[in-house]
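So the structure is just underneath, and the comments pick up after that.
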Amino acid sequence: MRRPTGVSVLVNSGWRSAALQDTLLREAIDEYGSEEEARRWAATAETSAHVSGEAVDLGPLPALDWLSQRGWRYGLCQTYANESWHYELRPEAVDSGCPAPYADPTEDPRMQR
Ligand SMILES: [Zn+2]
3 MRRPTGVSVL VNSGWRSAAL QDTLLREAID EYGSEEEARR WAATAETSAH VSGEAVDLGP
63 LPALDWLSQR GWRYGLCQTY ANESWHYELR PEAVDSGCPA PYADPTEDPR MQR
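If you read the sequence shown in our numbering, its first letter stands for residue 3, the second for the next number, and so on.
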């Protein structure tokens, strides 16, 4: 029997409502002990690329390895170095490659609102 080839990519999270994003941020604050630390992992409803429909969280690990090497070909770029699963569409990456990821969301100018 022939083994399947290719890599399966799962979307673990895509678009989120503002209410869900607020809940995730509150849970992160509980988990990390402060809003400052939580913001390294969870955006506000106003700034989240999930709420605006521009981000997906992908998996599993073999898919993330595959995407980290080839995602640019499809305009898919990892946005944050600390979130290997978080990808956003960057159509210009097809021509120029993905921009270097921010260390974490607190470095992202879009999060400064
Ligand atoms: Zn994400």
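No residue lacks a Cβ here, since even glycine has one placed at the ideal position from N, Cα and C.
query: By the DSSP assignment, the alpha helix (DSSP H) with residue 96 in it spans what residues?; result: 95-98
query: Verify the contact flag: residue 36, CB atom, against every heavy atom of ligand 1, threshold strictly below 7 Å.; result: no
query: Going by C-alpha distance, which of 47, 81 and 86 is nearest residue 92?; result: 81
query: Here's the rule I'm using: 16 or more other beta-carbon atoms within 10 Å means buried, otherwise exposed. How should residue 36 be labelled?; result: exposed
query: Going straight from the alpha carbon of residue 86 to that of residue 20, what length do you get?; result: 23 Å
query: Which stretch, first to last residue, makes up the alpha helix (DSSP H) that contains residue 105?; result: Run containing residue 105: none; DSSP gives neither H nor E here.
query: I'd like the span of the alpha helix (DSSP H) that includes residue 70, first residue to last.; result: 63-72
query: Suppose the cutoff is 6 Å on Cβ atoms and the five residues either side in sequence are ignored; what does the same chain contact list for residue 61 look like?; result: 12, 14 and 87
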